[in-house]
Amino acid sequence: MENQVTPFETHLNRITFFLNGEKITADIPAGLSTLDWLHTQKQLYGTKCSCNEGDCGACTVVIAYPFEGIITYQAITSCLYPTAKLHGKHLITIEGLGTPEKLHPIQQALLTNHAIQCGYCTPGLVMSLFALFAMQPHPDREMTLSALEGNLCRCGTYQSILNAVDELAANQSVKDIVPAWCREVEKDLFRFTPKEAMLVTKTDIPQQVNCYLIPTTTKQLFDLYAEHPESVFIAGGTDIMVQKNINRKEFPFLIDLTQIPELNRLYLQQDGLHIGSAVTYNQLWESGIVKTDFPVLHNLIAQIASRQIRNLGTLGGNIANASPVGDTIPLLMVLNSSLWLQSKLELRHLPLKDFFLGYHKTALQKGEIIKEIIIPPLTEDNYVKTIKSAKRKSVDISSVITAVNIEHKNGRITNSALAIGGVAALPLLSRKFPKLLKSKQIKALDPAVIIKEVESEFEPLTDIRGTALFRRELIRNHLILYLQELQEEEK
1 MENQVTPFET HLNRITFFLN GEKITADIPA GLSTLDWLHT QKQLYGTKCS CNEGDCGACT
61 VVIAYPFEGI ITYQAITSCL YPTAKLHGKH LITIEGLGTP EKLHPIQQAL LTNHAIQCGY
121 CTPGLVMSLF ALFAMQPHPD REMTLSALEG NLCRCGTYQS ILNAVDELAA NQSVKDIVPA
181 WCREVEKDLF RFTPKEAMLV TKTDIPQQVN CYLIPTTTKQ LFDLYAEHPE SVFIAGGTDI
241 MVQKNINRKE FPFLIDLTQI PELNRLYLQQ DGLHIGSAVT YNQLWESGIV KTDFPVLHNL
301 IAQIASRQIR NLGTLGGNIA NASPVGDTIP LLMVLNSSLW LQSKLELRHL PLKDFFLGYH
361 KTALQKGEII KEIIIPPLTE DNYVKTIKSA KRKSVDISSV ITAVNIEHKN GRITNSALAI
421 GGVAALPLLS RKFPKLLKSK QIKALDPAVI IKEVESEFEP LTDIRGTALF RRELIRNHLI
481 LYLQELQEEE K
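According to full-length UniProt numbering, the sequence shown holds residues 1 to 491 in order.
Structural data, given as structure tokens:
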């Protein structure tokens with residue numbers, strides 16, 4: 001009915017959401033993280049604060065919201081999640097699961113299997129497992145490890161935790177994991193239509209973030225930017241919120257991009273895969289299109305950060321941040337990806353290789369956003385691979401990350417590209433690599449010659465993630481692996 005009141009009423013300076021089954025309508029200070037809101041506004045201290053930059057998982061909570069016709073339960077790091085983004089969602093914390101008299105099945109399994117020592121990391125572990133079991137009642141070991149890679153246990157009870165998960169996977173059903181009150185809230189979540197809302201949270205007291213704006217159309221977005229040209233755009237917030245929490249950096253106006261439908265589109269056309277800039281890593285990783293048509297991207301995403309961060313971080317943000325060790329950038333460069341950039345007055349197309357101008361410097365003009373990333377289609381004639389070298393398999397920044405794309409036909413190379421991140425102020429495409437391989441027979445390639453020439457092209461830097469000598473050795477090893485594997489496939 002046209003005049004039907006939905007359970008979510010939209011007000012300026014006010015948001016509505018659920019907290020552990022209870023409807024909350026509240027004024028939210030702009031930029032306040034969900035972790036800080038839980039502690040300062042609700043006095044809920046079960047969600048722990050430790051690193052405050054998304055690395056340890058102690059502050060993990062779960063958010064539930066409609067996505068593609070179902071309610072999805074996602075583990076996130078609450079220290080990096082602005083409370084304003086909770087509008088229309090269900091926030092579930094450790095206090096919502098179990099009681100001292102009757103523990104939740106996950107809590108009981110951890111206790112029974114001696115997976116609890118000091119207890120500081122336990123709430124985050126429980127919430128990561130809750131999100132896992134809510135979406136996958138019988139996870140295998142690979143799913144479990146992926147779900148828990150963002151949770152650090154300083155007491156080292158990892159095997160006991162896995163034993164508890166095995167017990168749960170064998171004996172529990174989803175109705176035992178997800179409380180009945182969660183199912184009741186799901187009905188209200190489906191009735192909320194965020195496209196009808198345009199939310200502003202403000203504060204009159206000067207602080208790090210004085211205004212958090214959430215447009216739901218590109219027209220709203222650019223109108224707001226015209227009114228507040230000092231604004232900074234935010235999507236996943238996995239970099240901006242770290243700067244706010246750790247570096248105490250001030251962002252007077254933040255404009256959130258995540259509720260604009262065209263920035264959340266993921267679709268395949270004749271010219272390739274189109275990815276909206278607000279599509280998260282996890283949405284990409286779960287996409288059937290990506291798994292089937294771009295498996296190299298699917299596999300790479302599994303190495304980026306942790307499940308909690310992948311539920312927040314976006315591909316557009318990774319590109320716009322212009323880090324010299326951005327995980328996706330070398331692969332996207334060798335795939336000849338391009339960008340659609342949009343401002344209030346213009347929509348323009350730009351090859352990704354022309355986007356990076358220097359250290360954290362890009363071709364984005366003032367008031368311009370990345371609207372979409374386009375990856376051209378791959379064929380069976382493409383040998384595509386990327387290698388990330390870091391101290392840890394997950395939740396780590398690369399020392400060096402490289403990618404290659406070698407097109408070949410009947411054993412002869414027709415085109416090739418090599419991109420390297422971590423050796424300079426910006427990710428780089430090799431100029432020599434394509435020339436060295438052009439029109440060569442794969443079997444006749446001399447890896448030693450190619451490696452020597454490519455090495456002479458780069459001057460790796462020395463920093464806390466490795467010396468120049470170490471990085472040079474990594475580049476050499478990556479190239480050896482690529483060329484040997486290519487030649488072995490040709491046998």
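Even glycine gets a Cβ: it sits at the ideal position worked out from N, Cα and C.
Residue i: which of the options sits nearest, CA to CA?
i, options, result
"M127", "A64, Y482, P100, V400", "A64"
"I246", "L145, S33, R307, D446", "S33"
"Y120", "L168, L152, K371", "L152"
"V404", "N410, A419, D327", "A419"
"H360", "T386, R412, I329", "I329"
"T292", "Q303, N321, Y267", "Y267"
"A235", "L19, L111, L145, I370", "I370"
"I76", "E68, H90, G69", "H90"
"V384", "Q365, L224, L315, L481", "L481"
"K393", "L148, C118, L35, E22", "L148"
"L486", "G411, R472, K438, G421", "G411"
"Y73", "T122, C118, A170, I177", "I177"
"residue 492", "S389, K391, R348, K353", "Because the chain is modelled from 1 through 491, residue 492 falls outside the range shown and cannot be assessed."
"K249", "L224, P123, N210, T414", "N210"
"T122", "G150, H408, N382, G21", "G150"
"P137", "N171, A226, C118, S160", "N171"
From the DSSP output, read off the bridge partner residues of residue i.
i, result
"D239", "Paired residue(s): none; D239 is not in a bridge."
"E95", "E95 is not bridged to any residue."
"H478", "None, per the DSSP bridge assignment."
"I71", "P66"
"V404", "K385, L418"
"W340", "H349, E372"
"V61", "I76"
"V232", "L254"
"K361", "G358"
"P82", "S33"
"A26", "I15"
"Q441", "R412"
"L103", "None, per the DSSP bridge assignment."
"T280", "T314"
Using the C-alpha atoms, what's the distance from residue j back to residue i?
i, j, result
"V454", "S430", "7 Å"
"F192", "H87", "10 Å"
"P7", "P215", "The pLDDT assigned to P7 is 48, lower than 50, so where the model puts this residue is not dependable, and the model offers no usable value."
"N318", "E346", "23 Å"
"E380", "L483", "17 Å"
"F458", "A417", "15 Å"
"L357", "L339", "15 Å"
"S343", "H39", "39 Å"
"F233", "I309", "18 Å"
"E9", "K42", "Low per-residue confidence applies at E9: pLDDT is 44, beneath 50, and the placement is therefore not dependable, though the value from the model is reported in the following sentence. The alpha-carbon atoms of E9 and K42 are separated by roughly 21 Å."
"A197", "I475", "Confidence in A197 is poor, its pLDDT being 46 and thus under 50, which makes the residue's placement unreliable; the coordinate value appears in the next sentence. Between A197 and I475, the C-alpha separation is close to 49 Å."
"residue 493", "E142", "Any answer about residue 493 is impossible in this case: the structure gives the chain only from 1 up to 491."
"T16", "I260", "19 Å"
"C155", "L331", "37 Å"
"G98", "V423", "50 Å"
"I240", "K48", "21 Å"
"Q243", "A109", "37 Å"
"Y158", "A115", "7 Å"
"L257", "F294", "26 Å"
"F222", "F355", "21 Å"
"F67", "Q365", "32 Å"
"E2", "M135", "With a pLDDT of 39 at E2, under the threshold of 50, the modelled position of this residue cannot be trusted, and the question is left open."
"C182", "N282", "23 Å"
Is residue i near residue j, with beta carbons less than 8 Å apart?
i, j, result
"T93", "L162", "no"
"P427", "P351", "no"
"V62", "F133", "no"
"G367", "P252", "no"
"G57", "S306", "yes"
"residue 544", "L254", "The question about residue 544 has no answer here: the residues shown for the chain are numbered 1 through 491."
"L168", "I71", "no"
"L80", "G54", "yes"
"V327", "I401", "The amino acid at residue 327 is misidentified as Val; the sequence shows Asp. Yes, Cβ-Cβ distance for D327 and I401 is below 8 Å."
"S146", "A302", "yes"
"A180", "N113", "no"
"A363", "G316", "no"
"residue 550", "L300", "Nothing can be reported for residue 550, as the shown portion of the chain is limited to 1 through 491."
"I289", "L273", "yes"
"I413", "K438", "yes"
Please determine whether the Cβ atom of residue i lies at a distance below 7 Å from any heavy atom of the ligand ZN.
i, result
"Q259", "For the ligand ZN, the structure offers nothing, since it holds no ligand at all."
May I ask you to verify whether the segment 462–470 touches the segment 434–452, counting CB pairs closer than 8 Å and requiring at least 3? no
Any contact between the segment 375–390 and the segment 333–345? By contact I mean 3 or more CB pairs, one from each, below 8 Å. yes
The segment 79–86 / the segment 14–30 touching (three or more Cβ pairs under 8 Å): yes
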